[in-house]
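Q: Below you will find the structure I want to go over with you.
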Amino acid sequence: MSTGTTKLDVVVSDVVPVNELVTRFHFRRRDGELLPTFSGGAHVVVEMRDGDRTRLNPYSLMGSPLDTREYTISVRRDDVGRGGSLFMHRQVKPGLEMVISYPVNLFSLDLRAKKHLMLAGGIGITPFMAQTSQLAGAGGNFELHYTCRTASLGTYADVLQQRYGNRVKLYHDDREERIDLDRLLSSQPLGTHLYVCGPAGMINWVRDRAAALGWPPETVHFEHFAAPQPGAPFDVTLAVSGKTIRVDEQQSLLEAMEAAGVDPPYLCRGGVCGQCETNVISSDGKFIHNDHWLSEEDHRSGCKIMPCVSRFEGKSLVLER
Amino acid sequence: MGITFRKETFRDDYTFRNSPEHIRRFPFPFNEDAYMYAVNIEPHVVGPKGSVLENLIDVDEHYVAEMQDRALVLAEDPLRCQSLPHMTLAGWDLLELLMEQQALGYPEHFTLERNGDRWRWINRPLGIDDTFTFGDTSTLPYGPMEYITRQSQGDFCILDQRDGNLWMDAGMVTTQADWSLDFDIGMNFFEWHAPVPLAHEKGIFTRALKFLTNIQQGKPARRLNWTMTINPRLDTSPENYHKWGPDRATVTPENVGQKVHLRVELQSFWRLPRSNAIVFPIRCYLIKMDELVTQPKWARRLHRVIRDLPEDLATYKGLTRYRPTLVEWLSKLDDVSSTSPGFGPD
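First to last, the sequence lines map onto chains A and B.
Numbering (full-length UniProt numbering) for the first sequence: 1 to 321.
Numbering (full-length UniProt numbering) for the second sequence: 1 to 346.
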């Protein structure tokens, strides 16, 4: 049976610029009913119909899980990305009807934790908005360390400090403030779980230091929010469906398959859930693997690809789809 | 119209019976004349009217008697219901799911009124009318999981999802086929399935875990499992083995029809929204051989399945002792004609 999620028909109820890079979007159900309850850390996949192109990007839900009248997401404008964030910023206005997926949580809280230690970088703050709401409502013990470039780009830093006071610590790059990570990780009570969401470099740094300082891997949780990267166009043969398709510069391989009427299962569209894993039948060229799902061995073997985020350069690629 | 709830027992004098309508809706688990493990999971969607799938949470004529039997089990052994400290939120998720589904499917018997976090729950068959604050455990007489599963047929396991595995961290288990929540509590998916023969070699559990950890909200799944039980006893737990194990030696050609029961579990899997846990309801249906063979197709097919069952599976299901007697009895009802495809009676 196929996996994937149920769709929700929504209408954009508000569009709120937060700062020079980030805009917040509010969604309500078109039929006026409540949205499904969700858990902190969940994302939805937003379908963007842009002329004859459809992009699907995942965004963390950042409202309180206790309020299901509306969902909110925050989108950081990426001027060199594939255009999904630019579409959201330029074309999505209040009243627009859109389709989003049911919430999916690939970054959930471990509710056994005696304390939740959260580390956010930049727009990686969004899942923590929902998680802190959830924990605060239940009297949970958490502490949030948030790194941003400048105070004006510290998305929701003011809101978080207002809500949670000194449980939120801010670090501004332009003031050369840095998390003293080793000290922070060394001074936590037993039973603490660590959560990190931000740029890949930050996630790797935190995971490496936590491992070096003896944190058990099952207490370290992380979410890569890598959107698919653009790249040179390439051609792919889909052997099962008997189609040859072109993947455009601004398109992901998964989106190109979908545009051709081939629908692999998916949940995250960000290279972490494993649903769209696809076997390679033959290839002559170089894979550009951008996922966090396949092992290094899989990457080297050239036998598998995650079409949601990974690309290809070369003469020919034949996939089992 | 509503359901007429039977007055009956699942112990001592064993007055449990299925009405003729309930015999026809029994979830017979064999769609062909042989049985082997398979990953037989399908979407849990509403099925035909008059079947056990008419509602996603089924309430039937045995509801009141089953809840009374559960109360007796819990009075003797409170450890049949356990919830590790981090599972309370999942318990509220389950309470919401079961109240919503029962009220939706059986409005004449159950009513849920929600006013913000003030909820009123009316359960007419059990004479309950409670108002409480959703999320505030002090406003209920039990924890949320125990409260609602004392009012819902079937066992319930709540599986916490973390580290790419599922963990048996809460449950209400009083109608089980020889396994123990108290033994399994805190175990992961591979640990608690360790005793099952053959399936590990087939890689079934690895695939099943991958499927289960990807179950999405709003898209529950289900499968059927089966075994056999002597006497219509719901509580066939290891803790009480001394009470029911010896019954297996009491089967004679004369009493097969009354004593031997096919026991079918409708297992479903649901993602819970607030906790991101999975709830795994295991709903047990019993039917005695005399009732089952009123459907000639089922009699023929069950004969062939039990006769040809691999020995290690028969041992695991505890059939060894009385299998020859049962097969002999069923063989007289098998005219060797072919059976139609599918589960249902002809």
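All C-beta atoms in this analysis are idealised placements derived from N, C-alpha and C, irrespective of residue type, glycine included.
Determine the direct distance from the alpha carbon of B:F189 to that of B:L286, and round the result to whole angstroms.
A: Your numbering for residue 286 of chain B matches position 286 in the second sequence. Your numbering for residue 189 of chain B matches position 189 in the second sequence. In a straight line, the C-alpha of B:L286 is about 26 Å away from that of B:F189.
Q: Is the separation between the beta-carbon of B:Q101 and that of B:L53 shorter than 8 Å?
A: As a position in the second sequence, residue 101 of chain B is number 101, starting the count at 1. As a position in the second sequence, residue 53 of chain B is number 53, starting the count at 1. No, these two residues do not count as a Cβ contact at 8 Å.
Q: According to DSSP, is A:L319 part of a helix, a strand, or is it coil?
A: Here residue 319 of chain A refers to the residue found at position 319 of the first sequence. A:L319: strand per DSSP, three-state reduction.
Q: For A:M1, which residues of its own chain have a beta-carbon under 7 Å away from its beta-carbon, when the five flanking residues on both sides are left out?
A: One-based indexing of the first sequence puts residue 1 of chain A at position 1. With a pLDDT of 31 at A:M1, under the threshold of 50, the predicted position of this residue should be treated as unreliable, and no value is reported.
Q: Closer than 7 Å by C-beta to A:C276: which residues in its own chain qualify, once you throw out the five before and the five after it? Chain order, please.
A: Counted from its first residue, the first sequence places residue 276 of chain A at position 276. L254, P264, P265, Y266, M306, P307, C308.
Q: What residues from the stretch 75–92 of chain B come within 7 Å of chain A, judged by C-beta to C-beta, listed N to C?
A: From the stretch 75–92 of chain B, only H86, L89 have a Cβ closer than 7 Å to chain A.
Q: I'd like to know whether the C-beta of A:S108 is nearer than 8 Å to at least one C-beta of chain B.
A: Indexing the first sequence from 1 puts residue 108 of chain A at position 108. Yes, A:S108 counts as interfacial toward chain B.
Q: How about the stretch 202–222 of chain B and the stretch 5–23 of chain A: do they share at least three Cβ pairs that are nearer than 8 Å?
A: With a cut-off of 8 Å, the stretch 5–23 of chain A and the stretch 202–222 of chain B count as touching, because enough Cβ pairs lie within range.
Q: Would you verify that the beta carbon of B:S275 is, or is not, closer than 8 Å to some beta carbon of chain A?
A: Here residue 275 of chain B corresponds to residue number 275 of the second sequence, with the count starting at 1. Yes, its Cβ sits closer than 8 Å to a Cβ of chain A.
Q: So, for B:S331: in the same chain, excluding its five sequence neighbours on each side, which residues have a beta-carbon less than 7 Å away from its beta-carbon?
A: Walking along the second sequence from the start, residue 331 of chain B turns up at place 331. Once the five neighbours on either side are set aside, the close Cβ partners of B:S331 are H303.
Q: With DSSP as the reference, label B:I41 as helix, strand or coil.
A: Numbered from 1 along the second sequence, position 41 holds the residue referred to as residue 41 of chain B. In this structure, B:I41 counts as coil in the three-state DSSP scheme.
Q: Can you tell me the Cβ-Cβ gap for A:S74 and A:R24, rounded? I've got them flagged as a contact below 8 Å.
A: For the purposes of this step, residue 74 of chain A is identified with residue 74 of the first sequence, where counting begins at 1. For the purposes of this step, residue 24 of chain A is identified with residue 24 of the first sequence, where counting begins at 1. Indeed, because the Cβ distance is near 5 Å, the residues count as touching under 8 Å.
Q: Three or more C-beta pairs closer than 8 Å, one from the stretch 79–95 of chain B and one from the stretch 165–184 of chain B: is that the case here?
A: The stretch 79–95 of chain B vs the stretch 165–184 of chain B: in contact.
Q: To be precise: take each residue of the stretch 156–169 of chain B, compare its Cβ to all Cβ atoms of chain E, and keep it if any distance is under 9 Å. Which residues remain?
A: Although the question refers to chain E, the structure presented lacks it and instead comprises the protein chains A and B.
Q: How long is the line joining the alpha carbons of B:P27 and B:F343, rounded to whole angstroms?
A: One-based indexing of the second sequence puts residue 27 of chain B at position 27. One-based indexing of the second sequence puts residue 343 of chain B at position 343. Cα-Cα distance, rounded: 8 Å.
Q: Closest to B:A249 by C-alpha separation, out of B:F280, B:I204, B:T213, B:G318, would be which residue?
A: The residue you call residue 249 of chain B lines up with position 249 of the second sequence. Checking every option, the nearest Cα to that of B:A249 belongs to B:G318.
Q: Contact between the stretch 126–141 of chain B and the stretch 38–52 of chain B: three or more CB pairs below 8 Å?
A: With a cut-off of 8 Å, the stretch 38–52 of chain B and the stretch 126–141 of chain B do not count as touching, because too few Cβ pairs lie within range.
Q: What are the partner residues of B:N165, as DSSP defines its beta bridges?
A: The residue labelled residue 165 of chain B in the question sits at position 165 within the second sequence. B:N165 pairs with B:R162.
Q: Under 8 Å, do B:Y147 and B:L79 count as touching if we go by C-beta distance?
A: What you label residue 147 of chain B is simply residue 147 of the second sequence in a count that begins at 1. What you label residue 79 of chain B is simply residue 79 of the second sequence in a count that begins at 1. No; because the gap between Cβ atoms is not below 8 Å, this pair is not in contact.
Q: Tell me whether the stretch 308–321 of chain A and the stretch 227–245 of chain A touch, counting them as touching only if at least three CB pairs, one residue from each stretch, are closer than 8 Å.
A: In short, these stretches touch, since the Cβ pair count reaches three.
Q: Assuming contact is defined by CB atoms lying nearer than 8 Å, are A:I123 and A:T72 in contact in what I supplied?
A: Against the first sequence, residue 123 of chain A aligns to sequence position 123. Against the first sequence, residue 72 of chain A aligns to sequence position 72. Their beta carbons are not under 8 Å apart, which means A:I123 does not touch A:T72 by this criterion.
Q: Just confirm the distance between the C-beta atoms of A:N105 and A:G41, as a whole number of angstroms; I'd bet it's less than 8 Å.
A: Within the first sequence, the letter at position 105 stands for residue 105 of chain A. Within the first sequence, the letter at position 41 stands for residue 41 of chain A. With a Cβ gap of about 5 Å, A:N105 and A:G41 count as contacting.
Q: At 3 residues or longer, what runs of the beta strand (DSSP E) sit wholly inside the stretch 200–238 of chain A?
A: Segments of the beta strand (DSSP E) lying fully in the stretch 200–238 of chain A: 220–223, 234–238.
Q: Considering only C-alpha positions, which residue in the set B:S51, B:D312, B:R301 is nearest to B:P195?
A: Translated into positions along the second sequence, residue 195 of chain B becomes position 195. Ranking the options by Cα distance to B:P195, first place goes to B:D312.
Q: Under three-state DSSP, which class holds B:D178?
A: Position 178 of the second sequence holds residue 178 of chain B. Correct three-state label for B:D178: coil.
Q: Would a C-beta distance cut-off of 8 Å place residue 347 of chain B and B:H62 closer than the cut-off?
A: No information on residue 347 of chain B is available, as it lies outside the stretch 1 to 346 that chain B covers here.
Q: In whole angstroms, what separates the C-alpha of B:N225 from that of A:G63?
A: The count along the second sequence starts at 1 and reaches residue 225 of chain B at position 225. The count along the first sequence starts at 1 and reaches residue 63 of chain A at position 63. Their backbone Cα atoms lie some 41 Å apart in a straight line.
Q: With contact counted as at least three CB pairs below 8 Å, one residue from each stretch, are the stretch 205–214 of chain B and the stretch 110–119 of chain B in contact?
A: The stretch 205–214 of chain B vs the stretch 110–119 of chain B: no contact.
Q: May I ask you to report which of helix, strand or coil DSSP gives A:D50?
A: One-based indexing of the first sequence puts residue 50 of chain A at position 50. Correct three-state label for A:D50: strand.
Q: Pull up the DSSP beta-bridge partners for A:G121, would you.
A: Residue 121 of chain A sits at position 121 when you count from the first residue of the first sequence. Partner(s): A:T147.
Q: Determine the DSSP secondary structure at B:W244, reduced to helix, strand or coil.
A: Start at 1 with the first residue of the second sequence, and residue 244 of chain B comes out as number 244. If DSSP states are grouped into helix, strand and coil, B:W244 belongs with the helices.
Q: Can you tell which of B:E291, B:E328, B:P296, B:K297 has the C-alpha that lies nearest to the C-alpha of B:D308?
A: Translated into the one-based positions of the second sequence, residue 308 of chain B becomes position 308. Closest by alpha carbon: B:E328.
Q: Contact check, B:Q153 vs B:E32 under 8 Å by CB: the rounded distance?
A: Within the second sequence, residue 153 of chain B is the residue found at index 153, counting from 1. Within the second sequence, residue 32 of chain B is the residue found at index 32, counting from 1. That belief does not hold up - the Cβ atoms of B:Q153 and B:E32 are roughly 28 Å apart, past 8 Å.
Q: I want to see whether chain A comes within less than 8 Å of B:G218, judged by CB atoms only; does it?
A: The residue you call residue 218 of chain B lines up with position 218 of the second sequence. Chain A contact via Cβ: present.
Q: Should the stretch 291–306 of chain B be regarded as contacting the stretch 16–23 of chain B, the criterion being three or more beta carbon pairs within less than 8 Å?
A: These segments touch.
Q: From the DSSP output, read off the bridge partner residues of A:V168.
A: Translated into the one-based positions of the first sequence, residue 168 of chain A becomes position 168. Note: A:V168 sits in a beta bridge opposite A:L144.
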